[in-house]
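UniProt numbering applies: residue 1 is where the sequence shown begins, and numbers increase by one.
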Amino acid sequence: VPVSSHRDPLLDLAAYDQQGRRFDNFSSLSIHWESTRPLLASIELDPPMRLVSQDDGSGQKKLHGLQAISVHEASGTTAVTATAASYQQSHLSTARVKQQHDPPVPVSASIELILVEDVRVSPEEVTIYNHPGIQAELHVREGSGYFFLNTSTADVVKVAYQEARGVAVVHPLLPGSATIMIHDLCLTFPAPAKAVVYVSDIQELYVRVVDKVEIGKTVKAHIRVLDFYKKPFLARYFPFMDLKLQAASQVVTLVALDEALDNYTATFLVHGVAIGQTSLTASVTDKARQRISSAPQQIEVFPPFRLIPRKVTLLIGATMQVTSEGGPQPQSNILFSISNESVALVSSAGLVRGLTVGNATVSGLVQAVDAETGKVVIVSQDLVEVEVLLLQAVRIRAPITRMRTGTQMPVYVTGITNHQNPFSFGNAVPGLTFHWSVTKRDILDLRGRHHEVSIRLPSQYNFAMNVLGRVKGRTGLRVVVKALDPTAGQLRGLAKELSDEIQIQVFDKLLLLNPGIEAEQILMAPNSFTKLQTNRDGAASLSYRVLDGPEKVPVVHIDEKGFLVPGTSTIEVTAREPFGTNQTIIVGVKVSPVSYLRFSMSPVLHTQNKEALAALPLGMTVTFTVHFHDNSGDIFHAHNSVLNFATNRDDFVQIGKGPTNNTCVIRTVSVGLTLLRVWDTEHLGLSDFIPLPVLQAISPELSGALVVGDVLCLGTLLVSLEGLSGTWSSSAHGILHMDPKTGVAVARDAGSVTVYYEVAGHLRIYKEVVVSVPQKIVARHVHPVQTGFQEATGSKVIVAVGDRSSTLRGECSPAQMEFVETLHPESLLSCQLQFHDVLTVEPGFDAALGQYLCLVTTHRLTDKQRKHLSMKKMALVVTASLSGSRFSTEQVGAEMPFSPGLYADQAEILLSNQHASSEVKVFGAPEALESLEVKSGSPAVLVIEKEKSFGLPSFITYMVGVSDPTAGSQGPLSTLLTFSSPTTNQAITVPVTVAFMMDRHGPGPYGASLFQHFLDSYQVMFFTLFALLAGTAVMIIAYHTVCAPRELTVPAALTPRASPRHSAHHFAASSPASLNALPPARKASPPSGLWSPAYASH
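Written out as structure tokens, the structure reads:
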């Protein structure tokens, strides 16, 4: 009987007699249970067998013995046996059986249990292509073997169960999904086994392939076909879909592979057969015979990836860059690594730097990214050998040792082997210096490689020189190589220097002395050709022929068009003129192998005062021309050499081919040292080296970035051939505003900008400038604001933009200093200040000091303003900012004490012999009052300090009096009191008038009887007094009502006693000057003063 190995079965036991009749009750029997394989199924004593009475369908209840069997989740077969061999003692005791009968014959029953797993189906999920020729198989495992299958949807799939194979075969009917449920007919189970079947048409397909393949190598392309649920179809369905992979061009070949990445993928082998780019497209045919294609997948077939140079030889501290040729275009990331980092280091850009003597290997990997998986894959790799050494010895590499006068020859330093060339040690750090000399200075001239363009290199770069044969003779050429730091171990045995010397013979050129004519010849290299041209081309009929004899095999050939193929021979050129005259030229042709190469440079650099530069200017474009020489030093007219140019690194200069085979164009792009090499591809011994140091040619060298507001004075030594300066320009005028003639610039905004200097038609150099935002703007006052009585004064506030005290950067010439003001740097600055009605502030710029200013100016103050301001203490804060600035900059203001000046509470003082004193208060700032000085214009007027207060407001009270009682007896006395402060240079004046008044008994010269009569009249005197008081009260009320509060109040000591009808007469007669000297407000007030009979007749 099959049972589940995961759920405990329950066995039902019944008892029968010999005739097969079933007992109604057998509870008295003692039942013993036993399993043949307890590890599969065991009988536990607890719980014991349960006896249960159940109706057997006839209305009579029968006893059932229910025994639980414990299973242990293992498959297999076991037999369970129940044996009844005796009666239970408890039942015998209950029945009171005294004598036990013979024991019954043992009776047993067995059952075989087959322990099985629950039914399972695989796969539980499957996608079927909707095609009539396709069927899917679901494998039914475990269970009893007796199953019932049904589906959740009847019209999607058709299912047939093959019992012998244990397989459910599924046939697709329509697109959709259905769940197939498998029920075990013999086992109890919690739920049926289920499998979800998707029936779908083709939705899309895609190709996954690395997008780069090296020519001659292969990569694999993987194809998947997806259904409507974005799930892949099984690969075994692909034949029903007519799956194909095609390339758009013949740069690759495609071969289908039987191997598969998985059950859902088709694999093709892609073989690169030609360099180029193409695309791969996969296609299938659906049930309706419609063709479905994938998106094109680009793939590039690239040339073989190689690292160059093949071997790197370096001195300790020297650097050379490993570059590549071939590989993908544009080249993917190259990952460099080195086998021994103690010997040398390699950077991500391929720069190899020697550390210690030894050998290592640099590996370069070309990587690409798989578009689907995102994983980095290696598409190509190469290796380069690296040798780090020290110089055992040096030698001079001279291509020839015999040279003709007037010819040039390049020489350079090498090590013992040819691999130890200037690329190995020319840029070592710490460096080497090269010192050249000749034993006889008149025979050879030693010149630097850049001598012809007015560049004189320092000794550190002079590993290569030019020698010029001047006069015949023999001389020695010597070089001494010195180590800047001998302890660096760059020379053998920690030597300080190495040297070498060679002998050079200079001989005279062969000349015809009689007749004294120039005998020239054409010099050509083997297998080269040249075109002969004359001044009669096109005007006369030209013919060419070789003049060698019949026995001699000619080594040159010339055709009818004048193309000359080399050999050693003589050529005759004949021109037949239209008017019947023939002209003939006979010229020799010499064929010789090339002995050496030599660099020349252009254009020539012209500088102020003929001063030589120390390096190539940054940003300049230089053309190098290679000349070919024979073994005497003569220059070839034709050659067939194919030249290669290379640099030891590519981050300081850009190199490109020139217009001809023997030229290259170098553009300097960064400051540093680069070494240039040229060589003949077929004759490796023909090579030359030249240093290319690059420095800034535009001054100044900025120690830090400019900040907005800086004024930059640019300069350079480079001028035109005529000695004229070039033109300045800026790549972004909004950031750096530049004057094209003088080179003066103002930084107006933050950012990066390129400054160009161009000599038209000759050269163009540049300088990168970075303008940053100033961290803070600090204002600092120089002098406090001061005012006089009625004069407007001002003060300067120095504004520091950034951390520098001066904004001038560079050495400014007088012409540049004059032009700075025309650029108006102050327009960048905005000054802020309160009290706009009293003070004004304007930005300014001091070109001489390079400082920004805030110019604070005080307006002319009215009496009201002066009085109001003198009553309070305040300080001015001047702040500055960049106009319209979008930057966040810290602003530090300048606090300045402000004094509106001195102010007196009386505009004029009137004294007499009867009223000989008066008080005046002078208000002002405490620092002004502390040193206040008073000066009287007349000795008759005395001033005494009465009270001093430095509170708020601050003032000093003075008592002004008359020292001489007879003062003014000869007429009114007018003088000035001057209050001045030396500390603040402030001063005010107060006019003082002293008048003389006669007593009533004194003889007066005029009107004495009238005055006596007035005093004798008692009633008139009181009436006059009250009238005077009332008039004065009315005048005061009207004065404060009509006039402004700033009007001054007449002191009580100067209250007029005279009759109003005489007051006007007094001032008109005696003090016209004093009245005119009063301020306008004083003139407008009612006149008042002292009256005397002495002035009645006037």
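The C-beta atom is built at its ideal place from N, Cα and C for all residues, glycine as well. Remember, it's a predicted structure, so these values are computed and weren't measured experimentally.
The alpha helix (DSSP H) runs of length 4 or more contained entirely in the region 745-821 are, from start to end of the chain, 814-820. For a cut-off of 8 Å, the C-beta gap from V594 to D630 is around 7 Å, short enough to register as a contact. Segment contact: the region 802-814 against the region 909-925, fewer than three CB-CB distances shorter than 8 Å; contact not assigned.
Collapsing the DSSP output to three states places R37 in coil. Taken in chain order, the whole beta strand (DSSP E) runs of length 3 or more contained in the region 272-316 are 276-285, 291-293, 297-302, 306-308 and 311-315.
When only Cα atoms are considered, P104 and D118 end up about 42 Å apart.
For T361, the closest alpha carbon among the candidates T433, S342 and I338 is that of I338.
Between T285 and the set D242, L512, G317 and L269, the nearest pair of CA atoms involves D242.
Put simply, the region 187-199 does not touch the region 267-274. Fewer than three CB pairs are less than 8 Å apart.
Annotation: P825 to H737 spans about 10 Å, alpha carbon to alpha carbon. Excluding the 5 residues flanking it on each side, L174 has same chain C-beta neighbours closer than 7 Å at D155, V156 and V199, in chain order.
The shortest CA-to-CA distance from G326 to any of F302, L315, F336 and L335 is the one to F302. Here C664 is bridged, per DSSP, to F624 and K657. Under the 10 Å beta carbon count, D211 is surrounded by 16 or more other beta carbons and is classified as buried. Rounded to the nearest angstrom, the Cβ distance from V80 to I111 is 5 Å, consistent with a contact under 8 Å.
The alpha-carbon separation between V694 and A614 amounts to approximately 9 Å. C-alpha of L1028 to C-alpha of A995: approximately 20 Å in a straight line. Distance from the CA atom of V820 to the CA atom of G893, rounded to whole angstroms, is 26 Å. Between the C-alpha atoms of D184 and G145 there is a straight-line separation of about 7 Å. In this model, F636 and S454 are separated by some 26 Å (Cα to Cα).
In terms of Cβ geometry, V255 and A274 do not form a close pair [threshold 7 Å].
Only residues of its own chain outside the window of five on either side were considered, and among them S600, M601 and V604 have a CB closer than 8 Å to the CB of E452, listed in chain order. If you check the CB distance, V711 and F887 do not come in under 7 Å. Only buried fits D382, as 16 or more other CB atoms lie within 10 angstroms of its CB. Distance from the CA atom of L702 to the CA atom of G672, rounded to whole angstroms, is 17 Å. A distance of 7 Å or more separates the beta carbons of T475 and I502.
In the three-state DSSP reduction, R236 falls in the helix class (H, G or I). Sequence-distant partners of A464 (beyond 5 residues in either direction) whose C-beta falls short of 8 Å from its own C-beta, in its chain, are P410, V411, Y412, V413, P422, R449, D688, F689, I690 and P691. A Cβ-Cβ separation of about 6 Å places L853 in contact with D846 under the 8 Å criterion.
For E259, the CB contacts under 7 Å within the same chain, skipping 5 residues up- and downstream, are T267 in chain order.
For the pair of segments examined, the region 753-771 was found not to touch the region 645-657: the number of CB pairs separated by less than 8 Å stays below three. Here the region 425-439 does not lie against the region 516-535, with fewer than 3 beta-carbon pairs under 8 Å apart.
Going by beta carbons, S294 and A248 fall outside the 7 Å limit. The DSSP-derived three-state label of K440 is coil. Secondary structure of F955 (DSSP, three-state): strand. Beta bridge pairing from DSSP links K194 with M181.
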